[in-house]
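Worksheet: one structure, shown below.
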Amino acid sequence: MAPTEALPAPVAPAPVRLAAPAAVLAAVAGAFAYVGAVDPNEPGHYPVCPLLHLTGLYCPGCGGLRSAHAVVHGDLPAALQANAVAVAGYALFAVVWTVWVVRAARGRPLRLDPRSAHLWAAGALLLVFTVVRNLPFGGWLHP
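Residue numbers (the numbering used here): 437 to 579.
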């Protein structure tokens, strides 16, 4: 071997590589299990959204707990009614987590490198969602 060639980095064993994705899955599953068991539709179980409480306006996250509760109980229409953007976020999380697990199992790091256009588009989507759900004709987006 020539002196200028670098040795390949050692690859950790599979259980070590999969520990972080497993921990994240356990935390998310625990959170969803709690929200599934403690109904956010019942008053007093969760704090009220500060923006909604102070201004009467729905933030992009309003209805997120109700949508998670509906997803846990297999009621996709109710989840979409509560917060469609949150449901899309759950699906995006599932895809990214699956890619992370597959790459970790193969000894490759997860590389998230979104282009700035993607971040701007996501921000614009959240802004439009927030504005429309607070307009009179956007009542179908209210949680």
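The beta carbon of each residue, even a glycine, is placed where N, CA and C say it ideally should be. These numbers were taken from a predicted model, which means no experiment stands behind them.
Please state whether the Cβ-Cβ distance between residue i and residue j is less than 8 angstroms.
{"i": "residue 461", "j": "residue 540", "result": "no"}
{"i": "residue 515", "j": "residue 507", "result": "yes"}
{"i": "residue 502", "j": "residue 483", "result": "no"}
{"i": "residue 504", "j": "residue 468", "result": "yes"}
{"i": "residue 578", "j": "residue 494", "result": "yes"}
{"i": "residue 565", "j": "residue 496", "result": "yes"}
When DSSP labels each residue in this structure, what does residue i get in the three-state scheme?
{"i": "residue 519", "result": "helix"}
{"i": "residue 462", "result": "helix"}
{"i": "residue 471", "result": "helix"}
{"i": "residue 547", "result": "coil"}
{"i": "residue 484", "result": "coil"}
{"i": "residue 476", "result": "coil"}
{"i": "residue 577", "result": "helix"}
{"i": "residue 572", "result": "helix"}
Hey, residue i and residue j are a contact pair by Cβ (cut 8 angstroms); roughly how many whole angstroms apart?
{"i": "residue 576", "j": "residue 457", "result": "No, residue 576 and residue 457 are not in contact; Cβ-Cβ is about 36 angstroms, not under 8 angstroms."}
{"i": "residue 498", "j": "residue 488", "result": "6 angstroms"}
{"i": "residue 543", "j": "residue 522", "result": "In fact, because the Cβ distance is near 33 angstroms, the residues do not count as touching under 8 angstroms."}
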